[in-house]
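Residue numbers (this note's numbering): 131 to 518.
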């Protein structure tokens, strides 16, 4: 892999300039124009490497890209990354890309503009050094991961169906660890209808939706079980119309995290049970929402894939560690299909989703070399006799 390393070292400046170009385009999940602009840039880049880029057009969200080399036949490695960020339009104008020491800053610099650059240069360098691993890869670049992948989850599941490995390019943890387990997550809303009344003149005629919501919040939070990895959080509430009026409406917005797929039925039953009971007679509660992503559980197949990645790391001088995290990602979709999946293969960064989000610049070429090496190793494994 010396040729790969030398080529990547020669392209460090070029790679960072590409990160800067992408960071300086607003591409929040609802900024379709910016996401599509990034998609067109990447489309042109990959087409320049003789790749076929299918644009899966969307009306509401940014378009999705499905990419593979024109000589690829049933590629068995799926690489997944997203083009959207959590930041609203106008963020780039306020704080564009900047470099300070060995770190780069800017909206989405680590999560995950740098990963998009990593994928392209991993493929480019494999091709330019005479390797063939790029012919065994299919890439999905989606546009709505940060809001639960509402338009792309089915695309990911469809393309993942016949794959043997899934590599997801969320940023590596701050200590460089990859991610082999994630909690499942869901979003729910508690809607409560009460009866309005003047709180001073005839409060007895009212039925407070806010009071009922308070009971529901306490009951929901009692479902938390840290030992089992279950988290339930009512993170936002709204309701009422005036301080001297018994509230006729209130709502709570709930985030749910689970560690094991079997916990999903239990938590849904408990939430429905809580909402079926009225603590304040005369109020009515409706629960809506769903689990957006199943848990990504570390399996024996995941461990085998991780070992291959560790071997690749040793070849290039990187010690690979892994961890579990509570955040969700598209890795849950591939893992849910039973496909060996490892996440966190992007460059190292920190403070994601904040104004202090950063990229460790040296990790950009390092992790690109790792990705290229892993792709090449997995492609050779597929060529072995009797492999499955």
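By construction, the Cβ of each residue, glycine as well, lies at the ideal position given by its N, Cα and C atoms.
Check                                                                                                                                                       : Outcome
Alpha carbon to alpha carbon, how far is residue 144 from residue 464?                                                                                      : 32 Å
Does the count of Cβ pairs from the stretch 389–405 and the stretch 444–451 closer than 8 Å reach three?                                                    : no
Since residue 245 is in the alpha helix (DSSP H), which residue starts that stretch and which ends it?                                                      : 244–258
By DSSP, does residue 395 sit in helix, in strand, or in coil?                                                                                              : helix
Which of the three DSSP states is assigned to residue 517 in this structure?                                                                                : Note on residue 517: pLDDT 42, under 50, position unreliable in the model; the coordinate value appears next. Three-state DSSP puts residue 517 in coil, outside helix and strand.
According to DSSP, what are the bridge partners of residue 315?                                                                                             : 387, 423
Can you give the Cα-Cα distance for residue 489 and residue 154, rounded to whole angstroms?                                                                : 14 Å
What are the partner residues of residue 379, as DSSP defines its beta bridges?                                                                             : 323
Between the stretch 465–475 and the stretch 289–298, can you find at least three pairs of beta-carbon atoms closer than 8 Å?                                : yes
Determine whether the beta carbon atoms of residue 451 and residue 306 lie at a separation below 8 Å.                                                       : yes
Would you tell me roughly how many angstroms separate the C-alpha atoms of residue 254 and residue 179, rounded to the nearest one?                         : 7 Å
Which residue marks the beginning of the alpha helix (DSSP H) containing residue 224, and which one marks its end?                                          : 221–224
Which whole-angstrom value is the C-beta distance of residue 326 and residue 376, which I expect to be below 8 Å?                                           : 6 Å
Just to confirm before moving on: does the CB-CB distance between residue 426 and residue 462 stay below 8 Å?                                               : yes
Quickly, what does DSSP pair residue 159 with across the bridge? List them, please.                                                                         : For residue 159, which the question treats as bridged, DSSP gives no partner whatsoever.
If you run the structure through DSSP and keep just helix, strand and coil, what is residue 401?                                                            : helix
Have a look at residue 414 and residue 193 and give me their C-alpha separation to the nearest angstrom.                                                    : 40 Å
Just grab the DSSP bridge partners of residue 433 for me.                                                                                                   : None; residue 433 has no bridge partner.
Report the option in 211, 183, 156, 176 whose CA atom is closest to the CA atom of residue 477.                                                             : 211
Under a three-way DSSP split, which group does residue 206 fall into?                                                                                       : coil
Where DSSP assigns a beta bridge to residue 301, which residues make up the other side?                                                                     : 476
Can you give me the Cβ contacts of residue 239 inside the same chain, cut-off strictly under 8 Å, excluding the 5 residues immediately before and after it? : 149, 153, 227, 479, 487, 488, 489
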